[in-house]
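Chemist: The letter at position 49 of the sequence shown is residue 405 when you use my numbering, and the numbering goes up by one with no holes.
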Amino acid sequence: EFGKGGEGKSMKGDSGKGGSGTGGPCKVEVDVQCTTPEGLDCRAITPPPSPNGLDCEEILVFKVEVSNIGQNDIDVTRLDLDLDGFVVDLLLDLVQTNPLEPGDTELVEYKVGINICVPGEAVVKVFVEAEPPDPKAGMCRDDDEFKFTIDGAPQPTPP
Numbered sequence: 357e358f359g360k361g362g363e364g365k366s367m368k369g370d371s372g373k374g375g376s377g378t379g380g381p382c383k384v385e386v387d388v389q390c391t392t393p394e395g396l397d398c399r400a401i402t403p404p405p406s407p408n409g410l411d412c413e414e415i416l417v418f419k420v421e422v423s424n425i426g427q428n429d430i431d432v433t434r435l436d437l438d439l440d441g442f443v444v445d446l447l448l449d450l451v452q453t454n455p456l457e458p459g460d461t462e463l464v465e466y467k468v469g470i471n472i473c474v475p476g477e478a479v480v481k482v483f484v485e486a487e488p489p490d491p492k493a494g495m496c497r498d499d500d501e502f503k504f505t506i507d508g509a510p511q512p513t514p515p
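#1: Under the three-state reduction of DSSP, which class applies to T402: helix, strand or coil?
#2: Considering D431, what are the terminal residues of the alpha helix (DSSP H) in which it resides?
#3: What did DSSP end up calling D449 once you bin it into helix, strand or coil?
#4: Within this structure, are the beta carbons of F502 and V388 separated by less than 7 Å?
#5: Return helix, strand or coil for T513, following the three-state DSSP convention.
#6: What three-state label does DSSP hand K492 in the structure shown?
#7: Tell me the DSSP secondary structure of K467 in three-state form.
#8: Suppose you measure from the CA of D445 to the CA of L463; what does that come to, to the nearest Å?
#9: Can you tell me the Cα-Cα spacing of G377 and P405, whole angstroms?
#10: Between P393 and the rest of its own chain, which residues show a CB-CB distance below 7 Å, the 5 nearest in sequence each way excluded?
#11: What's the gap between the Cα of A493 and the Cα of T433?
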């Protein structure tokens with residue numbers, strides 16, 4: 357279960373990878389990863405051995421990379437992060453770097469609390485849309501998702 361609050365921030369990235377964005381001269385790619393603040397992949401999170409209320413809270417960091425993989429500048433017009441139906445608009449965190457030049461990658465981070473003692477699967481989706489300087493060329497878009505499972509609190513082991 358995702359917490360209700362979160363915070364986002366934009367950071368300059370330096371990755372330049374190919375991708376699956378679509379559209380004529382406008383090509384954009386988005387990628388999402390999830391870690392703890394210490395860098396542990398969210399798929400490797402396990403509940404504490406003897407859970408109490410405080411031990412069950414974990415902060416997750418969603419790292420969303422937006423890359424211009426085309427030949428023209430693009431203006432990102434939509435960047436949404438969907439946390440199991442709770443949609444967060446990350447565009448304002450990216451505005452300071454709009455437009456993206458060809459080859460540029462920007463990283464936006466979003467942090468949220470989760471109860472790791474409640475079992476369930478989490479699906480995090482990101483959606484990006486962008487436009488080239490000439491709107492007649494048409495917009496482009498891409499999406500990505502990150503799934504992980506929380507197994508819930510393990511049974512205590514007898515001494």
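Just so you know, even glycine gets a beta-carbon here, dropped at the ideal spot from N, CA and C.
Source: prediction; values computed, not measured.
Modeler: Judging by the given coordinates:
#1: coil
#2: Here D431 belongs to no alpha helix (DSSP H); instead the beta strand (DSSP E) covers D431 to L439.
#3: helix
#4: yes
#5: Note that T513 scores 42 on pLDDT, short of 50, meaning its location in the model is unreliable and no value can be drawn from it.
#6: helix
#7: strand
#8: 14 Å
#9: Per-residue confidence for G377 stands at a pLDDT of 43, beneath the threshold of 50, marking its modelled position as unreliable; no derived number is given.
#10: I415 and V417
#11: 15 Å
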